[in-house]
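Under the UniProt record's numbering, the first residue of the sequence shown is numbered 1, with each subsequent residue one higher. By construction, the Cβ of each residue, glycine as well, lies at the ideal position given by its N, Cα and C atoms.
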Amino acid sequence: MPVLQESQIRIHTEDTAPTKSEAMKEAAEILEAAGAVTADYYPAMLEREKSVSTYMGNFLAIPHGTNDAKDAIKSSALLFIRYATPIDWDGNPVRFVVGIAGVNNEHLDILSKIAIVFSDEDEVQKLTDAPDTAAILSILGEVNE
1 MPVLQESQIR IHTEDTAPTK SEAMKEAAEI LEAAGAVTAD YYPAMLEREK SVSTYMGNFL
61 AIPHGTNDAK DAIKSSALLF IRYATPIDWD GNPVRFVVGI AGVNNEHLDI LSKIAIVFSD
121 EDEVQKLTDA PDTAAILSIL GEVNE
């Protein structure tokens, strides 16, 4: 099963941005709905954020749980949320939240593929301009390979 599916992609068009914790809660709920994590994963995401910011640059944040949250992960999965208005992520503007859960270090390979996409400003612009979830999945498709 692919780690990123169209059902795990959200596009928000509202002019108001959620708080960082609201965005993280939405990410956790998508992973939970996909059957990848238990409800214990969200508190672990908040805990991770206390120790180190998951802001990555280029409008991207990748919230994920602490190492202690391994028991809350049932399968590897990824989600993608795009916000119309940037979220204040510890003073950094975030328009893309990529939530991740990985079993047996599978998340490291997924993270490297996400990093490649977001290191290319043209790809980031394509994600910004993508008209729908299918277009976003097409751009991020390599994460499933």
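{"Item": "Exposed unless 16 or more other CB atoms sit within 10 angstroms - verdict on VAL117", "Value": "buried"}
{"Item": "Contact belief for LEU4 with ASN144 at Cβ below 8 Å, rounded distance in angstroms", "Value": "6 Å"}
{"Item": "Assigned secondary structure, PRO18 (DSSP; H/G/I helix, E/B strand, else coil)", "Value": "coil"}
{"Item": "Same chain, Cβ closer than 7 Å to GLU106, five either side skipped, listed in chain order", "Value": "SER76"}
{"Item": "LEU108 to SER119 span [Cα, whole Å]", "Value": "16 Å"}
{"Item": "Cβ pair count under 8 Å reaching 3, the segment 5-14 against the segment 72-88", "Value": "yes"}
{"Item": "Sequence-distant residues of its chain with Cβ nearer than 8 Å to ILE30 (five each side left out)", "Value": "GLN8, ARG10, LEU79, ILE81 and GLY99"}
{"Item": "Proximity of TYR41 and TRP89 at Cβ, strictly below 9 Å", "Value": "no"}
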